[in-house]
Amino acid sequence: MIIPNVRPQTDYLYERRGPWPQPLPSHPFGLSPAVVHVPRNEVWRWQWRIGLRYFITLITFWFWAAIYAFRNRSLKPVSDSEFEDLLTHSSLSKFLSNELNEREKYPKNEKLDIFKEFLDAHPQEKFYVVDFSLLTKLKPYPGIYAVPTMSLFKGELVNGTRKVVAVYLYDTKKMFTPADGNAWELAKYFALQSGAVRIASSAHANLHFPYDSINAISKSSLPKDSVILRLLLPHLDLTLELNYAVLNSGTSPMLNKQYLPYSAFPADAAGLGGMFIDGYNGMEGNPSYEPYEFHAIPKDIYTDYGTFLFAYYDTILDFVNKVVAEIPKDEYVDLQVWVDYIRTWVNDFPHKDKFFDAAGNFIVKEVDTPTNKSVFVIAEVIANIVWDLSVGHAADHYDYSNININQAPLRMRVPPPDSKDIPPLDRKKLINWIDIFKHHYERKMFFAPRNVTFLKDVRYDFHKPHEEKLRKLNDEFLKNLKKTEANLTVYNYIPLDQITPSIQY
Ligand SMILES: [Fe+2]
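Residue numbers (my numbering): 101 to 605.
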């Protein structure tokens, strides 16, 4: 075994007494490990740059939320094309699954039976499902309704969307199609509501919390002057305290305490809790809910949103790969230790044998990206970290916070349709004024971006005299980010000048 470099403690951030992951105190088995001892300077920096803004919004925004709720008291109609846009084009489209076209891979998939009549009627057609059955674990407050749904779409992307076929209500086993008039109109709201609940309270969590382990381990185990720590630091800024507050604060939005004006979710913490656990651990036998595992390459998304995210991933991978080529050889052993530590805390993080050959050199693999034919395996992993913490996270917030809350609500005040024949909807009765008020408040507080620093300005601390090449790569990276935005072939889900380099909200 190679004994790692033994260097003085002063060569490390926080003298190597810094943050480290541990089981989350409140959910030691059900959720990803967390960091509960956040360095004091990081706490203060977060309080000053972000926490203070939360406080100011909390005490001042009620007036604007009330005006908004007064002017937008009822739900707004959702046409079929708007519905298709929301579930197959917006950030919610990341839930669109290809599983119905992979029967050999998932032969026991219950959705093959649920949607059998449609699949059998058009055996040559490609079908996609958006599965929000995660809500079976949700226990709403009395008088509030939220149910698990599955929506079926078909065909190739046309103008960035796929055609809607049906919405299935999982609890009551009722199927609705665009031919079902008022019942169809109501079913669409429940489908959109379940999507809003999944992205805001469960799926987004996997972009945040598993990366806390990587954040803490990088700061505590890589020497301050290592190339990779200097590359990662701008992407680790402000996040540990943010995540600590979300997971531990008594006023966290995850607790949904009803005396707080921004608590818009349809259930209390216990009623939401099962969804967080399933969102991380997966739902057995359901391909739409696989357990959280670290994926070096982002998972396929079968929509324009995926094309957008991959465009930036390629740019980031190209940059990181070139930086990895410049890492001095005496830093390789530090990276082996870093990888080993992370593996202990992050599900499926690759073993160091995947990154280093027997002689201790980086392993190279063939790829087929617009910019590279081969990359270092370790560069893919580091690119994933940079991408998730910047573009992957920020795009989710930016796009989701632009979705109309009067079309994709978090609460419904009427039960879902129980037959295909129901009277016309009174859209004012579908939701209460206070539900809109709280949702608008919560959006302003937690869903809308709260940018502090920007990816377009990121400057890595490549300050050593011999690091001219790294400084040039940094310049080139910023230019390539601009080129990526200019050359997008799909909708621009978040302007480059709104992307943060780290998780700041
Ligand atoms: Fe976030």
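Heads up, the beta-carbon is just placed ideally off N, CA and C, and yes, glycines get one too.
Is the beta carbon of T188 sitting closer than 8 angstroms to the one on T261?
Going by C-beta atoms, T188 is nearer than 8 angstroms to T261.
D220 bridges to which residues according to DSSP?
For D220, no pairing in a beta bridge is given by DSSP.
Can H335 be considered in contact with ligand 1, in the sense that its beta carbon sits closer than 7 angstroms to one or more heavy atoms?
No, ligand 1 has no heavy atom inside 7 angstroms of this Cβ.
Euclidean distance between Cα positions of P223 and E393:
P223 and E393 have their C-alpha atoms some 33 angstroms from each other.
Runs of alpha helix (DSSP H) wholly within the stretch 470 to 540 (minimum 4 residues, chain order):
Scanning the stretch 470 to 540 for uninterrupted alpha helix (DSSP H) segments of 4 residues or longer gives 477 to 487 and 493 to 500, listed from N- to C-terminal end.
Span separating the alpha-carbon of Q293 from that of M545:
Roughly 19 angstroms between the two C-alpha positions.
State the DSSP-derived secondary structure class of K582, mapped to helix, strand or coil.
Correct three-state label for K582: helix.
Using 8 angstroms as the cut-off, can you tell me whether the stretch 181 to 200 makes contact with the stretch 308 to 324, which would need three or more C-beta pairs spanning the two stretches below that distance?
Contact fails: fewer than three Cβ-Cβ distances are below 8 angstroms.
Using the DSSP secondary-structure output, state which residues sit across from S251 in a beta bridge.
Answer is V230 and V267.
Could you give the C-beta distance for F276 and K520, rounded to a whole number, given that I count them as a contact under 8 angstroms?
Between K520 and F276 the Cβ distance is about 7 angstroms, and since that is below 8 angstroms, they are a contact.
Please report the straight-line C-alpha distance between L435 and Y362, rounded to a whole angstrom.
If you take the alpha carbons of L435 and Y362, they lie about 43 angstroms apart.
Which of the three DSSP states is assigned to S197 in this structure?
S197 falls in the strand class under three-state DSSP.
Should the stretch 374 to 383 be regarded as contacting the stretch 554 to 569, the criterion being three or more beta carbon pairs within less than 8 angstroms?
The stretch 374 to 383 is not in contact with the stretch 554 to 569.
Given that a residue counts as buried once 16 or more other Cβ atoms are within 10 Å of its Cβ, and exposed if not, what is T351?
By the 16-neighbour rule on beta-carbons within 10 angstroms, T351 is exposed.
How about Y114: is its Cβ closer than 7 angstroms to a heavy atom in ligand 1?
No, ligand 1 has no heavy atom inside 7 angstroms of this Cβ.
Between the stretch 586 to 599 and the stretch 492 to 509, do three or more beta carbon pairs fall short of 8 angstroms?
Three or more beta-carbon pairs drawn from the stretch 586 to 599 and the stretch 492 to 509 are found closer than 8 angstroms, and the two stretches are therefore classed as touching.
For F161, name the three-state secondary structure that DSSP assigns.
F161 falls in the coil class under three-state DSSP.
DSSP state of F456 mapped onto helix, strand, coil
The answer is strand: DSSP assigns F456 an E or B state.
Would you list the residues sitting across from K274 in a DSSP beta bridge?
Answer is L269.
What residues are listed by DSSP as bridge partners for Y245?
Partner(s): M512.
If you reduce the DSSP assignment to three classes, tell me which class E142 lands in.
In the structure shown, the three-state DSSP call for E142 is helix.
For ligand 1, I want to know if Y605 counts as a neighbour, meaning its beta carbon is within less than 7 angstroms of at least one of the ligand's heavy atoms.
Yes, Cβ of Y605 sits closer than 7 angstroms to a heavy atom of ligand 1.
Does ligand 1 have even one heavy atom less than 7 angstroms from the beta-carbon of H395?
No, the beta carbon of H395 sits no closer than 7 angstroms to any heavy atom of ligand 1.
Which value, in whole angstroms, describes the spacing of the CA atoms of Y245 and V136?
Taking the straight line joining both Cα atoms gives about 35 angstroms.
Let me make sure I understand the geometry here. Which of I603, L573, F449 and P549 has the alpha-carbon closest to that of L489?
Distance from the Cα of L489 is smallest, within the candidate group I603, L573, F449 and P549, for I603.
Does DSSP classify E466 as helix, strand or coil?
When secondary structure is reduced to three states using DSSP, E466 falls in the strand class.
Within a Cβ cutoff of 8 angstroms, which residues of the same chain sit near M375, ignoring the five residues on either side of it in sequence?
Answer for M375: L234, L235, K237, L238, V297, R298, S301 and S302, listed in chain order.
Residue environment, Q507, which counts as buried when at least 16 other CB atoms sit within 10 Å
Buried: at least 16 other Cβ atoms inside 10 Å.
Sheet register partners of T415 (DSSP bridge):
Beta-bridge pairing by DSSP links T415 to no other residue.
With a 10 Å radius around its C-beta and 16 neighbouring C-beta atoms as the bar for buried, classify T403 as buried or exposed.
The C-beta of T403 has 16 or more other C-beta atoms within 10 Å across all chains shown, which makes the residue buried.
Under the criterion of a Cβ to heavy atom distance below 7 angstroms, does H44 qualify as lining ligand 1?
The shown model of the chain, from 101 to 605, leaves out residue 44, and the question about it has no answer.
Between V552, E585 and K429, which lies nearest to P104 when the distance is taken from Cα to Cα?
Ranking V552, E585 and K429 by Cα distance to P104 puts K429 first.
Which ranges would you report for the alpha helix (DSSP H) in the stretch 347 to 420 if only whole runs of at least 4 residues count?
Here the runs fully enclosed are 369 to 381.
Hey, could you find the ends of the alpha helix (DSSP H) V433 is sitting in?
From DSSP, the alpha helix (DSSP H) with V433 extends over Y432 to W445.
Residues near P84 in its chain [Cβ-Cβ closer than 8 angstroms; skip 5 each side]
Nothing about residue 84 can be reported from this structure: the residues present for the chain run from 101 to 605 only.
Rounded to whole angstroms, what is the Cα-Cα separation between P398 and F290?
Taking the straight line from one Cα to the other gives about 29 angstroms.
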